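Below: the structure, in structure tokens.
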């Protein structure tokens, strides 16, 4: 396994363009986890065990507690979907249509969200880079790869190596559910709200399916 390293020398400016590529993308998804590759790309900017929180220990505890509550909420949502199927409620958008137990769990979850927000050091990962003179910090996801890149002063190569190894080895997926909504909104804007969005998506799926045969 390991990784392949490519270095190209250019002496026209005292900067380096650095990046790394993970050979995984939307083609690796399956029904039930569609969109996870792009969501994962977003979550990799949320910080690590040592970046992004004033109290990393409590932060991790909150995430564990949040997920335990969300699992109970998912169990309630299965019951609510059955109620929707039977026509007992008009939709699952209005909180008033949800069960009392779901609303109770949601209140506990939102309380944890507020507690976590007080601990967050917002965008600390990108701030460390920008304070070191870095620009163009970004990432993108395709069908078969995810790419993270940045431009920074040549004497900051070691910083880049530490930052990227830190988020590969010790990522912390803070604000997971709110970031999921961000990714879903991106899809609505780029795919569902454009004339050819769904066409290109379905065409691409056909091509990948054909290549897999």
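In my numbering, the protein residues as written are 7 to 219.
Ideal placement from N, C-alpha and C gives every residue a C-beta, glycine not left out.
As the structure is a prediction and not an experimental result, all values here were calculated from the model.
Whether residue i touches residue j by CB criterion (9 Å)
i, j, result
"residue 157", "residue 28", "no"
"residue 78", "residue 111", "yes"
"residue 173", "residue 53", "yes"
"residue 120", "residue 33", "no"
"residue 170", "residue 26", "yes"
"residue 183", "residue 72", "yes"
"residue 140", "residue 162", "yes"
"residue 122", "residue 192", "no"
"residue 212", "residue 30", "no"
Distance, residue j Cα to residue i Cα
i, j, result
"residue 104", "residue 80", "12 Å"
"residue 114", "residue 84", "19 Å"
"residue 46", "residue 86", "28 Å"
"residue 69", "residue 38", "22 Å"
"residue 143", "residue 133", "10 Å"
"residue 177", "residue 108", "30 Å"
"residue 224", "residue 51", "What is shown of the chain runs 7 to 219, which leaves residue 224 out entirely."
"residue 153", "residue 48", "11 Å"
"residue 138", "residue 13", "21 Å"
Nonlocal neighbours in the same chain, by C-beta distance under 6 Å from residue i, ignoring five residues either side
i, result
"residue 125", "59, 60, 61 and 65"
"residue 155", "25"
Residue i, buried or exposed, once every other Cβ within 10 Å from all chains shown has been counted against 16
i, result
"residue 135", "buried"
"residue 57", "buried"
"residue 3", "As shown, the chain starts at 7 and ends at 219. That puts residue 3 outside it, with no answer to give."
"residue 17", "exposed"
"residue 168", "exposed"
"residue 209", "exposed"
Nonlocal neighbours in the same chain, by C-beta distance under 8 Å from residue i, ignoring five residues either side
i, result
"residue 198", "204"
"residue 160", "20, 21 and 22"
Among the options, the one whose alpha carbon lies nearest that of residue i
i, options, result
"residue 179", "99, 19, 11 and 42", "42"
"residue 40", "11, 189, 74 and 196", "189"
Within-9 Å CB hit, residue i to chain E
i, result
"residue 57", "The structure shown contains no chain E, having only a single protein chain."
Same chain only: Cβ atoms within 7 Å of residue i, ignoring 5 sequence neighbours per side
i, result
"residue 35", "42 and 43"
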